[in-house]
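**Q**
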Amino acid sequence: MSEVDREVADLKGPAAMPRRNGELVFNQPWEGRAFGMTVALRESHPFGWESFRVRLEREIAAAGPADDGTRYYERWLAAFEQLLVDEGLVSSEELANRGDEYREGVRDEVF
Amino acid sequence: MSHEHPHEHGHAPLSDLEARALAIESLLVEKGLITSDAVDRHVYRYEHDIGPVIGARVVARAWSDPAFKDRLLADGTAAIAELGIESPDLHLEVVENQPGVHNLVVCTLCSCYPWYLLGLPPVWYKSAPYRSRAVIEPRAVLHEFGLDIPDETQVKVWDSSADLRYLVLPERPEGSEGWPEERLAALVSRDAMIGTGIVAIPEAVRP
Amino acid sequence: MNEAHDLGGQHGHGRVVAEKNEPVFHEPWEGRVHALMNLARRAGLFNLDEMRRTIEQMPPAEYLRASYFERWLDALERLIAEKGGEPIKPSSSPTTRPPLDAHFKVGDQVRTRNANPRHHTRLARYARGKSGVVELIHGPYPLPDVRAYGKALTWQPVYTVRFRAQELWGGEGDPHDSVSIDLWEEYLE
Chain B
34 MSEVDREVAD
44 LKGPAAMPRR
54 NGELVFNQPW
64 EGRAFGMTVA
74 LRESHPFGWE
84 SFRVRLEREI
94 AAAGPADDGT
104 RYYERWLAAF
114 EQLLVDEGLV
124 SSEELANRGD
134 EYREGVRDEV
144 F
Chain W
1035 MSHEHPHEHG
1045 HAPLSDLEAR
1055 ALAIESLLVE
1065 KGLITSDAVD
1075 RHVYRYEHDI
1085 GPVIGARVVA
1095 RAWSDPAFKD
1105 RLLADGTAAI
1115 AELGIESPDL
1125 HLEVVENQPG
1135 VHNLVVCTLC
1145 SCYPWYLLGL
1155 PPVWYKSAPY
1165 RSRAVIEPRA
1175 VLHEFGLDIP
1185 DETQVKVWDS
1195 SADLRYLVLP
1205 ERPEGSEGWP
1215 EERLAALVSR
1225 DAMIGTGIVA
1235 IPEAVRP
Chain L
140 MNEAHDLGGQ
150 HGHGRVVAEK
160 NEPVFHEPWE
170 GRVHALMNLA
180 RRAGLFNLDE
190 MRRTIEQMPP
200 AEYLRASYFE
210 RWLDALERLI
220 AEKGGEPIKP
230 SSSPTTRPPL
240 DAHFKVGDQV
250 RTRNANPRHH
260 TRLARYARGK
270 SGVVELIHGP
280 YPLPDVRAYG
290 KALTWQPVYT
300 VRFRAQELWG
310 GEGDPHDSVS
320 IDLWEEYLE
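Chains as they are written, first to last, in my numbering: chain B, 34 to 144; chain W, 1035 to 1241; chain L, 140 to 328.
Structure (structure tokens):
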């Protein structure tokens, strides 16, 4: 079992990664990228997995009891953004500006 | 090296979430913290290398290639070896669902399971309810999984009590004619390969 | 052994519950136990039949109460206690499979013995003293009843025998259904 598998297993209860029939489910490609990025960053810049997990659980809890799990990766993305800012790896300004560029279609998606 | 990122819409505007995900990835790559290849690797591993996807590939090949299917049914171990899949010391027996025949696999004595094709078994497969009831009331168990088997259909239960492992070859769904193997494999669930499910084309995908 | 693991046909265990978003392991320790058991077996500390036999030796009430990996952990502890002092037999020693010498052929009507040994066996209670038809022939494979005690291997053909549901369960069985079970030759007569 790799480090990544252990960390995936560490996400439990409402924070558990969505699965169908034993397989992880990414409903959109960006969801897979969000997952892949988080674990890729762990390899190169070992942030405490605990700190990500706590942020994820907080995002899910903040979404309220009516949250049915279909927006799981939205919560993941938000938790990851917070972690990046808190770790000083990216600034919230950078994230906002870059996001705008993609939304407005002024930046090439190929990089 | 440039990296093309998959997303649903071609040249249509990106959703807010897609934009945010791209923003993060591009920034982290620029700062030298990750590579897109590393991201690919992690996604690929979970989507392709782990779990039932391996069995699904076998099923998709059998549906697409009748000669392979014949070899698979005659000698499962040898046939999957053609696809580079090893079955450590355990002979594979593939049992085919057909109109009038539905197969269901269980291990009443412990939890024998073709893990090299399906990953690790789910808790329910190893549980007392499944192990006790699959052999004596398979139709009731299947009903709990949302499958109602017609009266005249024969339900064949396979109790993996020795060194053989069983894989159910589900019926190919109508409407999937001409589909490439990768697309077919994406339809096949773990439960369909145990016998507690069947393969159907999801509503959203039907033309 | 007629113990709690032999669950086929028992009543009262309730609905099959499939957990939503079930993870591969529920706790990190489960993953470690899974790895340890497989590694210890591959290193030759014990074989698969010894492992199963040890799991089955858990007292029935405990067996039913325990989770799957709790049983594994308990068995691993007992296997180490049982085997820990012995020199490890390398599991990589090649075992040549003898030629298959099957006494029954596909299509033969066979009957399972009504045997109730105290030792480990792979003839489930629900299938003892029943008539069926040979569907497939495999092997030979080492008899678990012997291999579970570390004794010299006894190779026998294994038959997939199909039993009509009504043969196994009487009137409770569906007339259209069958159960196929894999049985070593000495389980049959």
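We treat Cβ as the ideally placed atom computed from N, Cα and C, and that holds for glycine.
Between W:A1234 and chain B, is the shortest Cβ-Cβ distance under 8 Å, so that the two count as touching?
**A** Residue 1234 of chain W sits at position 200 when you count from the first residue of the second sequence. Closer than 8 Å: no.
**Q** For chain B, find out if any of its Cβ atoms is closer than 8 Å to the Cβ of W:E1042; answer yes or no.
**A** Mapped onto the second sequence, residue 1042 of chain W falls at position 8. Caution applies to W:E1042, whose pLDDT of 47 falls short of 50 and renders its modelled position unreliable; the value that the coordinates give is listed next. Output row for W:E1042: interface = yes.
**Q** Any beta-carbon of chain W closer than 8 Å to the one on L:I276?
**A** For the purposes of this step, residue 276 of chain L is identified with residue 137 of the third sequence, where counting begins at 1. It does not; no Cβ of chain W falls within 8 Å.
**Q** Using a Cβ-Cβ cut-off of 8 Å (strictly less than) and excluding sequence neighbours within five positions of L:H152, which residues of its own chain qualify?
**A** On the third sequence, residue 152 of chain L is found 13 positions in, with the first residue counted as 1. Here the set comprises L146.
**Q** Under 7 Å Cβ-Cβ, which residues of chain W neighbour B:A96?
**A** Taking the first sequence and counting its residues from 1, one reaches residue 96 of chain B at position 63. In chain order: nothing, as chain W lies at least about 14 Å away.
**Q** Shorter than 8 Å from the beta carbon of L:F164 to some beta carbon of chain B?
**A** Here residue 164 of chain L is taken as the residue at index 25 of the third sequence, counted from 1. Yes, contact with chain B.
**Q** Going by alpha carbons, who is nearest to W:Y1159 out of W:C1141, W:L1056, W:G1153?
**A** On the second sequence, residue 1159 of chain W is found 125 positions in, with the first residue counted as 1. Taking only the C-alpha atoms, the option nearest W:Y1159 is W:C1141.
**Q** Please confirm if B:R136 has its CB atom under 8 Å from at least one CB of chain W.
**A** Position 103 of the first sequence, counted from the start, is the residue given in the question as residue 136 of chain B. Closer than 8 Å to some Cβ of chain W, the Cβ of B:R136 qualifies, so yes.
**Q** Which residues does DSSP list as the beta-bridge partners of L:T251?
**A** The count along the third sequence starts at 1 and reaches residue 251 of chain L at position 112. The partner list for L:T251 (beta bridge, DSSP) reads L:L327.
**Q** Regarding W:V1073 and the ligand HEM, is the C-beta to nearest heavy atom distance less than 7 Å?
**A** Within the structure as shown, the ligand HEM is missing, as the structure has no ligands at all.
**Q** Looking only at C-alpha atoms, which of W:W1097, W:V1222, W:E1237 sits nearest to W:E1211?
**A** In the second sequence, residue 1211 of chain W corresponds to position 177, counting from 1. Considering only alpha carbons, the answer is W:W1097.
**Q** Name, going along the chain, the residues of the stretch 1089-1103 of chain W whose beta-carbon falls closer than 9 Å to a beta-carbon of chain L.
**A** Those would be none; no residue qualifies.
**Q** Taking the alpha-carbon positions, what's the W:L1051 to W:R1091 distance?
**A** In the second sequence, counting from the first residue as 1, residue 1051 of chain W sits at position 17. In the second sequence, counting from the first residue as 1, residue 1091 of chain W sits at position 57. Looking at the two C-alpha atoms, the distance is approximately 31 Å.
**Q** Would B:V143 be called buried (16 or more neighbouring beta carbons within 10 Å of its own) or exposed?
**A** Here residue 143 of chain B refers to the residue found at position 110 of the first sequence. Under this definition B:V143 is an exposed residue.
**Q** Please compile the residues from chain B whose C-beta is within a distance smaller than 8 Å of the C-beta of W:H1076.
**A** Numbered from 1 along the second sequence, position 42 holds the residue referred to as residue 1076 of chain W. Simply V37, F68, G69, V72, A73.
**Q** Curious, which full-length alpha helix (DSSP H) runs of at least 4 residues does the stretch 144-215 of chain L contain?
**A** Complete alpha helix (DSSP H) runs here, min 4: 167-181, 187-195, 199-204.
**Q** Can you list, in chain order, the residues of its chain whose CB lies under 6 Å from that of B:E36, leaving out five sequence neighbours each side?
**A** The residue given as residue 36 of chain B occupies position 3 in the first sequence. For B:E36, where only same-chain residues beyond five positions count, there are no Cβ hits under 6 Å.
**Q** Out of W:I1058, W:P1236, W:D1225, point me to the one whose CA is closest to W:L1151's CA.
**A** The residue labelled residue 1151 of chain W in the question sits at position 117 within the second sequence. For W:L1151, the nearest C-alpha among the options comes from W:D1225.
**Q** Please state whether the Cβ-Cβ distance between W:V1073 and B:M50 is less than 8 Å.
**A** Taking the first residue of the second sequence as position 1, residue 1073 of chain W is located at position 39. Taking the first residue of the first sequence as position 1, residue 50 of chain B is located at position 17. It is not a contact, given that the beta carbons lie outside the stated cut-off.
**Q** From the DSSP output, read off the bridge partner residues of L:T299.
**A** Residue mapping note: residue 299 of chain L aligns to position 160 of the third sequence, counting from 1. BP columns for L:T299 point to L:L275, L:D321.
**Q** Using the C-alpha atoms, what's the distance from W:L1181 back to L:A182?
**A** What you label residue 182 of chain L is simply residue 43 of the third sequence in a count that begins at 1. What you label residue 1181 of chain W is simply residue 147 of the second sequence in a count that begins at 1. Taking the straight line from one Cα to the other gives about 43 Å.
**Q** May I have the straight-line CA-CA distance separating L:D188 from L:D247, to the nearest angstrom?
**A** Walking along the third sequence from the start, residue 188 of chain L turns up at place 49. Walking along the third sequence from the start, residue 247 of chain L turns up at place 108. Between L:D188 and L:D247, the C-alpha separation is close to 28 Å.
**Q** Under the three-state reduction of DSSP, which class applies to W:E1042: helix, strand or coil?
**A** For the purposes of this step, residue 1042 of chain W is identified with residue 8 of the second sequence, where counting begins at 1. Low per-residue confidence applies at W:E1042: pLDDT is 47, beneath 50, and the placement is therefore not dependable enough to give any value.
**Q** Taking Cβ positions only, does W:S1060 come closer than 8 Å to chain B?
**A** Translated into the one-based positions of the second sequence, residue 1060 of chain W becomes position 26. Yes - at least one Cβ of chain B is within 8 Å of the one on W:S1060.
**Q** Under the DSSP definition of a beta bridge, which residues are partnered with W:Q1188?
**A** Taking the first residue of the second sequence as position 1, residue 1188 of chain W is located at position 154. The partner list for W:Q1188 (beta bridge, DSSP) reads W:V1135.
**Q** Measuring straight from C-alpha to C-alpha, what distance separates W:A1057 and B:R104?
**A** In the second sequence, counting from the first residue as 1, residue 1057 of chain W sits at position 23. In the first sequence, counting from the first residue as 1, residue 104 of chain B sits at position 71. Straight-line Cα distance between these residues: approximately 19 Å.
**Q** Counting only the same chain and skipping the five closest in sequence on each side, list residues whose C-beta sits under 6 Å from that of W:E1042.
**A** Position 8 of the second sequence, counted from the first residue, corresponds to residue 1042 of chain W. Per-residue confidence for W:E1042 stands at a pLDDT of 47, beneath the threshold of 50, marking its modelled position as unreliable; no derived number is given.
**Q** Beta-carbon within less than 7 Å of L:N255's beta-carbon, same chain only, minus the 5 sequence neighbours each way: which residues are those?
**A** The residue labelled residue 255 of chain L in the question sits at position 116 within the third sequence. Here the set comprises N141.
**Q** List the endpoints of the continuous alpha helix (DSSP H) containing W:H1076.
**A** Taking the first residue of the second sequence as position 1, residue 1076 of chain W is located at position 42. Looking at the DSSP string, the run of the alpha helix (DSSP H) that includes W:H1076 is 1070-1078.
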